[in-house]
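In this note's numbering, the protein residues as written are 51 to 415. The C-beta atom is built at its ideal place from N, Cα and C for all residues, glycine as well. Here's the structure we're looking at; comments come further down.
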């Protein structure tokens with residue numbers, strides 16, 4: 051089967067294998083090391099449809115905590131073309147292997163150029179090449195099972211949103227071309243897509259009420275606590291959360307930090323803590339709370355740590371303090387924090403600043 055089109059090289063993709071999931075919609079391609087039935091796949095599909103923004107997609111991936119992020123690849127096919135990848139994923143760009151999993155948890159972030167060929171695969175299978183005797187089918191958008199795909203970016207496409215020539219009609223838009231291995235049932239892909247579309251329709255019903263708090267996708271535990279939509283355990287009471295339809299709601303207060311001398315810091319927005327804290331020049335979002343920590347011996351730095359709220363995550367970051375910051379987990383494990391590297395807090399964690407000030411993180415309903 052040959053691609054339809056008017057001129058130029060088609061923006062085409064092939065996929066193969068089963069076990070992971072390939073999503074394509076609205077100029078985005080996403081490969082997740084998850085089954086199509088996983089709730090995070092549904093969430094990503096919803097975001098591709100209603101909010102085509104890279105930051106939103108990445109926030110969705112870390113919503114359950116940085117420790118639970120699956121291996122992934124996100125590609126923006128149009129405009130400022132770009133890829134972001136993380137985890138055990140084999141990548142090749144124009145036939146050259148691209149180092150990805152460096153073992154330090156850092157993500158790969160690369161620009162893409164017109165005419166580039168990107169191969170990606172899970173499990174070290176390699177993204178290049180095609181399965182022998184495979185047949186190709188067009189895929190304009192949808193959700194399918196896959197472990198690898200190849201993306202060829204159109205040389206004639208306008209990456210900057212400008213340029214000559216008439217824009218192609220919807221019927222002339224180049225489809226992706228999918229390689230299905232023998233034994234893969236097309237009905238399975240159709241069922242997965244139908245499930246995702248049904249989820250999307252429910253979430254799209256009705257306008258969201260305006261609120262000052264950011265809106266998040268939530269579920270309710272048996273005790274009635276709001277918790278991340280796809281978490282297995284409640285963030286407050288740790289009871290099992292039954293499978294349910296996620297809903298959008300203003301984010302609740304994510305907890306509090308117990309301060310020295312009996313004070314508390316309510317985590318309804320970000321904060322900067324130190325002997326003489328100020329708002330960092332690169333701070334994004336609502337102004338943070340500035341919390342002064344008395345320390346006559348000046349072991350605590352003037353600008354010591356920041357606390358950032360990102361969807362359901364509470365992230366703490368050492369701001370290059372002189373005497374450092376450590377995170378003590380509930381089991382007693384001590385983790386020194388690297389400067390300027392955000393780390394998620396979990397219930398029961400304790401921050402130790404300069405070995406003299408302790409801040410206990412408490413989750414609350």
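For residue 340, does the count of other Cβ atoms within 10 angstroms reach 16, so buried, or fall short, so exposed?
-> To locate residue 340, count along the chain shown from 1; it is residue 290. A residue is called buried once 16 or more other Cβ atoms fall within 10 Å of its Cβ, and residue 340, having fewer, is exposed.
Only counting runs of 3 or more residues, tell me where the beta strand (DSSP E) segments fall wholly within the segment 354-403, in order along the chain.
-> Taken in chain order, the complete beta strand (DSSP E) segments of 3 residues or longer contained in the segment 354-403 are 355-360, 363-368, 375-378, 384-386 and 400-403.
If you draw a straight line from the C-alpha of residue 286 to the C-alpha of residue 147, how long is it?
-> Position 236 of the chain shown, counted from the start, is the residue given in the question as residue 286. Position 97 of the chain shown, counted from the start, is the residue given in the question as residue 147. Between residue 286 and residue 147, the C-alpha separation is close to 44 Å.
Could you name the residues of the same chain whose beta carbon sits closer than 6 Å to that of residue 83, not counting the 5 residues immediately before and after it, in chain order?
-> Looking up residue 83 in the chain shown gives position 33. The beta carbon of residue 83 lies closer than 6 Å to those of 70, 120, 121 and 172 in the same chain, with the five residues before and after it left out.
Range of the contiguous alpha helix (DSSP H) that encloses residue 95 = Here residue 95 corresponds to residue number 45 of the chain shown, with the count starting at 1. Bounds of the alpha helix (DSSP H) holding residue 95 are 89-100.
Could you spell out the range, first to last residue, of the beta strand (DSSP E) harbouring residue 306?
-> Your numbering for residue 306 matches position 256 in the chain shown. DSSP places residue 306 in the uninterrupted beta strand (DSSP E) bounded by 306-308.
Compute the Euclidean distance between the alpha carbons of residue 85 and residue 105, then round it to the nearest angstrom.
-> On the chain shown, residue 85 is found 35 positions in, with the first residue counted as 1. On the chain shown, residue 105 is found 55 positions in, with the first residue counted as 1. Using only the alpha carbons, I get a separation of about 23 Å.
Compare the C-alpha of residue 159 against each of 194, 324 and 132 and name the closest.
-> For this step, residue 159 is matched to residue 109 along the chain shown. It is 132 whose Cα lies nearest to the Cα of residue 159.
Residue range of the beta strand (DSSP E) that residue 134 falls in?
-> For this step, residue 134 is matched to residue 84 along the chain shown. First-last of the beta strand (DSSP E) with residue 134: 132-136.
To the nearest whole angstrom, what separates the beta carbons of residue 395 and residue 350, a pair I think is in contact under 8 Å?
-> If you number the chain shown from 1, residue 395 lands on position 345. If you number the chain shown from 1, residue 350 lands on position 300. That pair is no contact at about 19 Å.
Under the three-state reduction of DSSP, which class applies to residue 192: helix, strand or coil?
-> Along the chain shown, one-based indexing puts residue 192 at 142. DSSP, read as helix, strand or coil, puts residue 192 in strand.
Please report how far the alpha carbon of residue 392 lies from the alpha carbon of residue 99, in whole angstroms.
-> The count along the chain shown starts at 1 and reaches residue 392 at position 342. The count along the chain shown starts at 1 and reaches residue 99 at position 49. Taking the straight line joining both Cα atoms gives about 29 Å.
Counting only the same chain and skipping the five closest in sequence on each side, list residues whose C-beta sits under 8 Å from that of residue 390.
-> Position 340 of the chain shown, counted from the start, is the residue given in the question as residue 390. Excluding sequence neighbours, residue 390 sits near 367, 368, 369 and 370.
Is it right to say residue 304 is buried, meaning 16 or more other beta carbons lie within 10 angstroms of its own, or is it exposed?
-> The count along the chain shown starts at 1 and reaches residue 304 at position 254. Counting Cβ neighbours within 10 Å, residue 304 comes out buried, since at least 16 surround it.
Residue interval of the alpha helix (DSSP H) (run including residue 334) = Within the chain shown, the letter at position 284 stands for residue 334. Run containing residue 334: none; DSSP gives neither H nor E here.
Beta-carbon spacing of residue 409, residue 267 below 8 Å = Residue mapping note: residue 409 aligns to position 359 of the chain shown, counting from 1. Residue mapping note: residue 267 aligns to position 217 of the chain shown, counting from 1. No, they are not a contact pair.
Count the CB pairs spanning the segment 328-338 and the segment 307-316 that are closer than 8 Å, and state whether there are at least three.
-> Put simply, the segment 328-338 does not touch the segment 307-316. Fewer than three CB pairs are less than 8 Å apart.
Closest residue to residue 141 among 129, 135, 128 and 170 (Cα-Cα distance) = Counting from 1 along the chain shown, the entry for residue 141 is found at position 91. Checking every option, the nearest Cα to that of residue 141 belongs to 170.
For residue 343 versus residue 199, is the C-beta distance shorter than 8 Å?
-> Reading the chain shown from its first residue, position 293 is the one you call residue 343. Reading the chain shown from its first residue, position 149 is the one you call residue 199. In this structure, residue 199 does not lie closer than 8 Å to residue 343 by Cβ.
Span of the beta strand (DSSP E), counted from its first residue to its last, around residue 109 = For the purposes of this step, residue 109 is taken as residue 59 along the chain shown, with counting starting at 1. Residue 109 -> not in any beta strand (DSSP E); alpha helix (DSSP H) instead, spanning 104-112.
Proximal residues to residue 413 (C-beta, below 8 Å), its chain only, five neighbours per side dropped = One-based indexing of the chain shown puts residue 413 at position 363. Excluding positions up to five away in sequence, the list reads 285, 286, 304, 305 and 397.
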